[in-house]
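Heads up, the thing below is written out as structure tokens.
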Amino acid sequence: MSEDPAQQYRPVKNTEGVCTVCDEAHPLTNRHSQPAVTNRHGVTHKRFLLRVHGPRNNRCPGSHTEPKPWLEASGLPAWDAMTDLDRGAALMHVHKRRREGASYAREHYPVRYSDHPLLIILVAEDIRTACRHAAIVAGNVADGLTDDEYGRLYDLALDYKPGKPISKES
Ligand SMILES: [Zn+2]
1 MSEDPAQQYR PVKNTEGVCT VCDEAHPLTN RHSQPAVTNR HGVTHKRFLL
51 RVHGPRNNRC PGSHTEPKPW LEASGLPAWD AMTDLDRGAA LMHVHKRRRE
101 GASYAREHYP VRYSDHPLLI ILVAEDIRTA CRHAAIVAGN VADGLTDDEY
151 GRLYDLALDY KPGKPISKES
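In this text, residue positions in the sequence shown follow my numbering: the first is 1, and each later residue adds one.
Structure follows, in structure tokens:
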């Protein structure tokens, strides 16, 4: 693993969130018991909030607030920190998810990361989380890419064979 503390991977379960105040993982409330709120896009929804936590006489101020976004909390690389080859791999997986559904894509077309050391470990040890990562990072940017850029990244990953030298980075 990297020595850079910003690149330490921390698994975060679906049922938990990491507190922005104490930086610890805590269970989330049942959002259906929360009052509905309207976000800045005008969409009304129910939020996942952190359960009350911390010692009884000194509760963490992060209780009942929204947790850190999963990508940030997990320490996994964001789009900007990924190589073009890994970006292309994420786009390929998201393309399959949109056409075939998440579970089918995960089973038959799991993401194949090849460059970032944390992502390579994740693919080998926890493919489900690797696919979740791809869906989040590429899902956020896929619609904003130009057709040329999308095609370039996609083809880079499509043509890549492990062990085959490629020219990396732009
Ligand atoms: Zn806290």
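Yeah, the Cβ is synthetic: ideal placement off N, Cα and C, and Gly gets one too. As the structure is a computational prediction, the values presented were derived from the model and not from experiment.
Compute the minimum distance between the beta carbon of H53 and the heavy atoms of ligand 1, and state whether it is under 7 Å.
Yes; taking the cut-off as 7 Å, the Cβ of H53 has a heavy atom of ligand 1 nearer than that.
Just tell me which of G62, G151, P69 has its CA closest to the CA of K13.
Closest by alpha carbon: P69.
Using a Cβ-based criterion (distance less than 7 Å to any ligand heavy atom), does E16 qualify as near ligand 3?
Within the structure as shown, ligand 3 is missing, the only ligands being ligand 1.
Endpoints, the alpha helix (DSSP H) within which H26 is located:
Careful: H26 lies outside any alpha helix (DSSP H), inside the beta strand (DSSP E) at 25-27.
Pick helix, strand or coil for H108, following the three-state DSSP scheme.
The answer is helix: DSSP assigns H108 an H, G or I state.
Secondary structure of V18, DSSP reduced to three states
The answer is strand: DSSP assigns V18 an E or B state.
Measure the CB-CB distance between D86 and D115 and report whether it falls below 8 Å.
Taking 8 Å as the Cβ cut-off, D86 and D115 qualify as a contacting pair.
Who are H45's beta bridge partners in DSSP?
In DSSP, H45 forms a bridge with V37.
Straight-line Cα distance separating P110 from C131
Rounded to the nearest angstrom, the two C-alpha atoms are 6 Å apart.
Can you check whether the CB of R10 is closer than 8 Å to the CB of G62?
Taking 8 Å as the Cβ cut-off, G62 and R10 do not qualify as a contacting pair.
From the DSSP secondary-structure annotation, give me the bridge partner or partners of L50.
In DSSP, L50 forms a bridge with L28.
Taking C-beta to C-beta, are A90 and R97 nearer than 8 Å?
Contact: no.
At which residue ranges does the region 120-156 contain complete alpha helix (DSSP H) runs of 4 or more residues, listed in the order of the chain?
Whole alpha helix (DSSP H) segments, 4+ residues: 127-141.
For M92, three-class secondary structure by DSSP
Helix at M92.
Taking 7 Å as the cut-off, does the CB of E24 come closer than this to any heavy atom belonging to ligand 1?
True, at least one ligand heavy atom lies under 7 Å from that Cβ.
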